[in-house]
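Below you'll find the structure, written out as structure tokens, and then a few comments.
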Amino acid sequence: KKLLLIDVDCGTDDAQAIMMAIAVPNVEILGITCVGGNTPLDNVCKNVLRVIQVCNRSDIPVFRGASKPVLGEAIHASYFHGVDGLGDVPDSKAPGLDHMQKEHAVDALIRIVSEHPGQVSMVATGPLTNLALAVRMDPNFPKKLKSLHIMGGNMESRGNTTACGEFNFLADPEGAFIVLNEFACPTYIATWEHSCRHKLSWEWYDQWVNKGTKKSDFIKRIYAHSLQYSRSEKEGKALVAGPGFVPCDSYAMAAAIDESTVTDFIECGVTVEICGKFTRGMMVLDLIDDLKKKHKARVMTGCDMGKFIALLEASIQ
Ligand code: BDR
């Protein structure tokens, strides 16, 4: 079995990515850790509990992590994901926070990875705060991971929250800096541009959410709020190469589940701008090896869309 740990700031596309992992029979999710991001931390925790309930997988342990970035104040994306982070379509039967594990997310990450050295793939689809804290508490944490799969950053300085800032890196630039500079396991990054370049048509989306299963209904309901934005002209202009459905976090998740979904990547030193007035949070690709970083990351550029779509289809069955 493939062992996964998933760190999320559970908004709509994180929910989708969790459902993708749950649907794959040879994947074992050892835990889901929560970090403040798309929505405040309490909402993130409640949303994860709700997603695993919809999938009949309430046995997966869920851990509460950092509510704020390493430095400064949290930012959220309620304009897109809704005030509750899942499109503001509450479910009165959703589990309460008493279903969370007592152990802190960062302790859980360190413990679980130590129990399975070299075997766990870590998927991070939110700000990288929990991972940065884990490496500070246990400097050997990254070496014990099999691989790390990040959704975040940008490769051509294209932002989605500020001109040059992609949401996850902008929400905790210092956290991203620590992770990108100190992680020594194979690291794959699904950037904003990569996600946009592998978007799905709205026609495909409409048939996907109308399959009439419990899971497709859930996806349809939680995404309805964000679609008002993402199907708008404004979002169309912000996207690379026109409009479409962009399930960002699922590109990182798919790569962790099946490495062959990644058909091409740029391997280079990667860091993040933490000082710039206009560029804070922007990912930096060191294509001329100026920084002489020993550890190179794989910035994903190609995706096998057939395999990716098959994983999306399976996730709502
Ligand atoms: C990322 O930011 C969030 O809004 C999404 O969940 C995704 O992780 C895209 O920039």
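Heads up, the sequence shown is in full-length UniProt numbering, so the first residue is 5 and it goes up one at a time.
The beta-carbon is built from N, C-alpha and C at its ideal position, and this holds for glycine as well.
Computed from a prediction, not measured in an experiment: that's the story for all the values here.
Listed as beta-bridge partners of V303 by DSSP are I193, I270. Cα atoms of V58 and A258: separation of roughly 20 Å, rounded to the nearest angstrom. A Cβ-Cβ distance of about 5 Å is found for the pair L53 and H103, placing them in contact under the 8 Å criterion. Fewer than three Cβ pairs drawn from the stretch 152 to 160 and the stretch 70 to 80 lie within less than 8 Å of each other, which leaves the two stretches out of contact. Contact between A81 and G15 holds: their C-beta atoms lie close to 7 Å from each other, under 8 Å. The alpha carbon of L9 has as its nearest neighbour, out of L135, E170, D210, the alpha carbon of L135.
Taking a contact to require three or more Cβ pairs closer than 8 Å, the stretch 300 to 309 and the stretch 249 to 269 qualify as touching.
In this structure, I79 and A175 form a Cβ contact; the two beta carbons are roughly 5 Å apart against a cut-off of 8 Å. Shown here, E107 sits in coil according to DSSP, grouped into three states, outside any helix or strand. With contacts defined by Cβ atoms closer than 7 Å, G130 and D13 form a contacting pair. The beta carbon of R61 sits closer than 6 Å to those of I26, all from its chain and outside the five residues before and after it, given in chain order. Residue nearest to S199 within the set C272, G86, A167, Y255 is Y255 (criterion: CA-CA distance).
When DSSP reads this structure, K296 sits in no beta bridge, so it has no partner.
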